[in-house]
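Written out below as structure tokens is the structure these notes cover.
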Amino acid sequence: MSEIIISFEEYRKKKRGTNYKKDALSSVFEKDLRDQTELIDWYIFHSKLNKYKLYIHSLFKENDLTFRQLGEQLTGDAYSRNYEAREAIRKELLYSDKVFIISELSKMKSNIKKESVVGFLIKTIDDAHFDNITPKSQLVFIDYAKFLQKTWKYIGSYLKVTTAFD
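Numbering (the numbering used here), first residue to last: 16 to 181.
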């Protein structure tokens, strides 16, 4: 039994019926999608992003956490000591393929310096090659410019700053 594969443009024609009009996307949709690597790459990127969208959205909706609570939120386990949370976070960063979006770390309630927390997160990924590990996880920091400027001497050499004008 052979499958009949139609182009996406043919599908659009059938769905819209008499209301169908060719537009700028028509030429793209008339081609076989398997031959359009940029669309395949776009699909792969968005399917991975959507997989973690809910996780990313809820990760740091409001950051008034302690360091142990940060570890609990990242891993789902409870910790009685900061060291335990630190090791659990380290494992998540090194062995997962998640995107960690950390917003307003400057508001974190912790007895540990916030600059140290930022440094720990960045250096964990940056130093992984010493253990022959190539982490697939990513860190994204969203915070006040004042906090990032204050911590720049700790984190500046590790980060690429992205602005709305880049």
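No residue lacks a Cβ here, since even glycine has one placed at the ideal position from N, Cα and C.
{"Check": "Closest residue to L120 among K113, D112, V114 and K129 (Cα-Cα distance)", "Outcome": "K129"}
{"Check": "Run of the beta strand (DSSP E) containing F156, from where it starts to where it stops", "Outcome": "Q153 to I157"}
{"Check": "Cut-off 6 Å between Cβ atoms - residues of its own chain near E45, not counting five sequence neighbours on either side", "Outcome": "S22 and E24"}
{"Check": "Three-way DSSP call (helix, strand, coil) for S131 in this model", "Outcome": "helix"}
{"Check": "Helix, strand or coil at S42 according to DSSP, with G and I counted as helix", "Outcome": "helix"}
{"Check": "Collapsed DSSP secondary structure at S118 in the structure displayed", "Outcome": "strand"}
{"Check": "CB-CB length for Y98 against I137, believed under 8 Å", "Outcome": "The Cβ separation is near 19 Å, so there is no contact."}
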